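Q: If you read the sequence shown in this note's numbering, its first letter stands for residue -1, the second for the next number, and so on.
A virtual CB, placed ideally from N, CA and C, is assigned to each residue, including glycine.
Remember, it's a predicted structure, so these values are computed and weren't measured experimentally.
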Amino acid sequence: LSGLASVTASTPHRLFAPLRFTSSRLARTQRKILASGDSEPTESSGGDLSTPPRKDWSLGTVVENNAGNADSSLRELKISVADEVEYLEGVRFKGTDGRTVQPRWIDEFRYPGQFVGLSLITDPEAGAPTKSVSNWTSDLLNITSSPYQARAKSASLDASIIELLIDSSDSDKSSKLAALKPGDQVYVSSVVGKGFVSMFDNKLGLNTSMEEQRDLVMVASGSRGIAALHSALSWTPVMAHAGTNKVTLFYECDSVSSAAYLAEWDMWRDAGIRVVPIYKEKGSEEGTRLIDTLFDGPGGFATAIESNPEECAVLIAGTKGLGSVALMRMLTNRGVQQERVLYCDFF
């Protein structure tokens, strides 16, 4: 078996100490959030890495492989994950809480921003990977379908249907994943992560932000960023929230032809979500165009919030390194509460 595709990892940064910004400290903090049972998802462990509710790896079959953008450099994989469980005698409908002998694979997918790992099958006789998915937190893929969509498509099946976005140019592993054909099989890990939560108070996240009627600002950089946020943008609660509060997506990508989910932009706009594409300038440093648009250009951050920056929540995905540090600093300098900046990323 090969390793997992490194397609969705990025590096959010903790700025708890105003004068010190160290990636090692950030990594320790985020790992605690991901492994903790006290984060925003309280209905279940939501993918607790230390105590997976069922086996770590399941067999998955590619159902579809479609172009994810105009130049086909991104591929949308639809995967059917084996998810047959025993139901208690007399139970006719699947997906009912407490009616199965063991939880379904899909039960752990509850929040936008959660991940799975994929492992290519190079030797059918070797079986599933032996290492726990908790050892691969830097090589995971965001589930791009929303939890509602995944459940609806999986309700009457002995399988769970999920969608993933693969950047074929990201690595050799991702290139192989992008080339998979319908009928090809892979191993799919259990669902991990807590979705979008704060690194400073892991009880605060996307759900609590909507309950508190906060404006939402979503910042996606590249394919990794939009893969993480697509699940939120397509989630019914977020679409409903956009009917009463401001929801804005700032999406940085190379060009129109490389932009993902173009066909869905109008659907998001119809729901009340403002979509602001940001196309990089050739030769520009990573993230500079994004920050310029957010804070210096017309229609930026100030337009994305109703009035008080303290009353908004910012979801960030796909930013890297110093660009992530700079973005956090500029948001907090403009009045955004640091615990209201939400990340879902592993690193």
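Could you give the distance in angstroms between the alpha-carbon of Gly193 and the alpha-carbon of Met328?
A: C-alpha separation (whole angstroms): 23 Å.
Q: Where does Val254 land, buried or exposed, given buried means 16+ other C-beta within 10 angstroms?
A: Exposed, since its Cβ has fewer than 16 Cβ neighbours within 10 Å.
Q: I think Ile164 touches Ala176, with their Cβ atoms under 8 Å apart; what is that distance to the nearest whole Å?
A: That belief holds up - the Cβ atoms of Ile164 and Ala176 are roughly 5 Å apart, short of 8 Å.
Q: Could you have a look at Trp55 and say whether DSSP puts it in helix, strand or coil?
A: Here Trp55 sits in strand by DSSP.
Q: Give me whichever residues DSSP pairs with Lys244 in a beta bridge.
A: DSSP, once it has assigned bridges, lists no residue as partnering Lys244.
Q: Using a Cβ-Cβ cut-off of 6 Å (strictly less than) and excluding sequence neighbours within five positions of Gly93, which residues of its own chain qualify?
A: Low confidence applies to Gly93: its pLDDT is 47, below 50, so where it sits in the model is not reliable enough to give any reading.
Q: How is Gly93 classed by DSSP in three states: helix, strand or coil?
A: Note that Gly93 has pLDDT 47, beneath the 50 cutoff, so the model's placement of it is unreliable and no number is given.
Q: With Leu72 as the anchor, note down where its alpha helix (DSSP H) starts and where it stops.
A: It is not in any alpha helix (DSSP H) - Leu72 instead sits in the beta strand (DSSP E) that spans 72 to 80.
Q: Here's the rule: buried if 16 or more other CB atoms are within 10 angstroms of the residue's CB, otherwise exposed. What is Gln211?
A: Its Cβ having fewer than 16 others within 10 Å, Gln211 is exposed.
Q: With 16 as the cutoff for other CB atoms within 10 Å, does Pro180 come out buried or exposed?
A: Per the 10 Å Cβ criterion, exposed.
Q: Cβ of Ser221 within 9 Å of Cβ of Leu313?
A: In this structure, Leu313 does not lie closer than 9 Å to Ser221 by Cβ.
Q: Would you report the Cα separation of Val217 and Leu247, rounded to the nearest angstrom?
A: Spanning the two alpha carbons is a distance of roughly 6 Å.
Q: Between Pro275 and Ala261, which are expected to be in contact by the criterion C-beta below 8 Å, what is the C-beta distance as a whole number of angstroms?
A: Rounded, the Cβ-Cβ distance is 14 Å, inconsistent with contact.
Q: Considering only DSSP beta bridges, list what Val61 is partnered with.
A: The partner list for Val61 (beta bridge, DSSP) is empty, contrary to what the question assumes.
Q: Which of the three DSSP states, helix, strand or coil, is assigned to Asn331?
A: Helix.
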